[in-house]
Ligand code: URA
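In this note's numbering, the protein residues as written are 79 to 510.
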């Protein structure tokens, strides 16, 4: 018989839970036998007192046991790799990485989420492609992985239902940014979805959960430890999210940019991150190659066009039209002019993400609908030299009034100064 108040008190006093008791708390919550207010109090106690490795494992394991799991290796008869990002602005990496890795002969099966707040979601981006279906049955997912080598789908209701419930509660009780809870939330979904080689893109900076490299390293190590203890191979890439990734922020705009990158014509920072992620995924695959060889192979399939063919096959397999001309376009486009000559010091990722959200590209609550066409193109990035009046960015809007507001918000995200800022590449560190 579970007594939530006792566990809340034990954690509040800094005690360590018996793994069995913690598992029972989570499973009882998933069965609606523990109240939201009790779980919220427990999450807040964890905020102050943390969880040990054993407790984090027990929590992760209980979340996995709350629903169904997928054995992709068993179903496909070979190793499957997966990648996950902790979320950022302009992050369309999975959409580029999936077909590149598949073109190298490695299946990538992935469950993705929707955007909330200033960060976008892969599913929303994919749904800007006319006809694209994000809901596939397990049989369809496995068949597509076998035939096409890549599938990105929505998380089924049956996979890790305890996390779904707990995450929604954390979202409204100021308990999202707690390292062991984030780590077990992300890793429970990765482990339940069955991939054996996992690359985690841990975003660092203004537009991310983790604002500093040290905090991001702690989260990366915690997630890696969970994965390793569960017998999976995990590499964490710590990557810059102080400015938007690439140029495009907004659903259809990001599909254009992902496709450009797959055919070798993408922005430098995004291309670098996508190829690095591919290199690490290939190194974790059953190809038996190292990261350098993975990078060479990823570059080769981009150069010779097989990655683009793989992208088109994948989009068609999920019912979509891969022709970029089929993507919806916003009726109003407005330049954002540089206010002075100088060097771009910063392009606030969070501010650009919020500007895109206000334009309609994102959702404030889970039930909002998104406008796939609108968003922002950030032409000038940190370190670029600009002249007064140059286009720093371009706002894509549904109407004039929202375009005006968008221009003002994007301009406020830019800081133009005299000195060149310190150089900072996209990849800040690797853990694993
Ligand atoms: N993403 C998740 O899936 N879970 C968290 O707790 C935070 C980000």
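Cβ coordinates follow ideal geometry from the N, Cα and C atoms, glycine included.
Distance, residue j Cα to residue i Cα
i           : j           : result
residue 304 : residue 497 : 43 Å
residue 485 : residue 470 : 10 Å
residue 237 : residue 146 : 5 Å
residue 463 : residue 421 : 4 Å
residue 183 : residue 226 : 10 Å
residue 481 : residue 431 : 15 Å
residue 181 : residue 429 : 36 Å
residue 326 : residue 452 : 10 Å
residue 116 : residue 245 : 14 Å
residue 504 : residue 318 : 5 Å
residue 163 : residue 279 : 4 Å
residue 412 : residue 473 : 5 Å
residue 120 : residue 339 : 44 Å
residue 102 : residue 331 : 45 Å
residue 483 : residue 198 : 20 Å
residue 276 : residue 306 : 10 Å
residue 35  : residue 91  : This structure leaves residue 35 out entirely; the chain is present only between 79 and 510.
residue 415 : residue 139 : 52 Å
residue 502 : residue 491 : 18 Å
residue 176 : residue 229 : 8 Å
residue 293 : residue 348 : 23 Å
residue 84  : residue 100 : 11 Å
residue 374 : residue 380 : 10 Å
residue 456 : residue 206 : 20 Å
Sub-9 Å separation of residue i and residue j beta-carbons
i           : j           : result
residue 437 : residue 328 : yes
residue 158 : residue 87  : no
residue 315 : residue 507 : yes
residue 357 : residue 376 : yes
residue 252 : residue 122 : yes
residue 468 : residue 475 : no
residue 130 : residue 105 : no
residue 196 : residue 408 : no
residue 188 : residue 149 : no
residue 360 : residue 371 : yes
residue 441 : residue 385 : no
residue 258 : residue 300 : yes
residue 417 : residue 488 : no
residue 32  : residue 398 : For the chain, the structure presents residues 79 to 510; residue 32 sits outside this window and is missing.
residue 297 : residue 260 : yes
residue 355 : residue 344 : no
residue 510 : residue 313 : yes
residue 173 : residue 204 : yes
residue 352 : residue 166 : no
residue 250 : residue 231 : no
residue 223 : residue 154 : yes
residue 427 : residue 284 : yes
residue 272 : residue 151 : yes
residue 334 : residue 406 : no
residue 322 : residue 168 : yes
residue 124 : residue 256 : yes
residue 410 : residue 478 : yes
residue 424 : residue 391 : no
residue 110 : residue 247 : no
Bridge-paired residues (DSSP) for residue i
i           : result
residue 90  : None; residue 90 has no bridge partner.
residue 475 : 410
residue 165 : Bridge partners of residue 165: none, in fact.
residue 456 : 471
residue 187 : 229
residue 58  : As shown, the chain starts at 79 and ends at 510. That puts residue 58 outside it, with no answer to give.
residue 463 : 421
**Q.** Runs of alpha helix (DSSP H) lying entirely within the segment 224-248, each at least 4 residues, in chain order
**A.** With a minimum length of 4 residues, no continuous alpha helix (DSSP H) run stays inside the segment 224-248.
Q. What is the chain-ordered set of residues for which the beta carbon lies under 5 Å from any non-hydrogen atom of the ligand URA?
A. Proximity to the ligand URA was defined by a C-beta distance below 5 Å to any of its heavy atoms, and the residues meeting it, in sequence along the chain, are 260, 263, 264.
Q: Pick out the complete alpha helix (DSSP H) segments inside the segment 247-335, 4 residues or longer, and give them in chain order.
A: Runs of the alpha helix (DSSP H) inside the segment 247-335: 257-270, 291-307.
**Q.** Ordered list of beta strand (DSSP E) runs contained in the segment 390-439, each at least 3 residues
**A.** DSSP runs (the beta strand (DSSP E)) wholly in the segment 390-439: 410-415, 420-425.
Q | Ordered list of beta strand (DSSP E) runs contained in the segment 477-510, each at least 3 residues | A | Taking only runs of at least 3 residues, the beta strand (DSSP E) segments lying wholly in the segment 477-510 are 492-495, 505-509.
Q. Residue ranges of each alpha helix (DSSP H) run of no fewer than 4 residues wholly in the segment 344-375, ordered along the chain?
A. Entirely contained in the segment 344-375, the alpha helix (DSSP H) runs reaching 4 residues are, in chain order, 346-362.
Q.
As an exercise, report each continuous alpha helix (DSSP H) stretch of at least 4 residues that is fully enclosed by the segment 82-157, in chain order.
A. Within the segment 82-157, the complete alpha helix (DSSP H) runs of at least 4 residues are 82-90, 97-108, 114-127, 131-143, 150-154.
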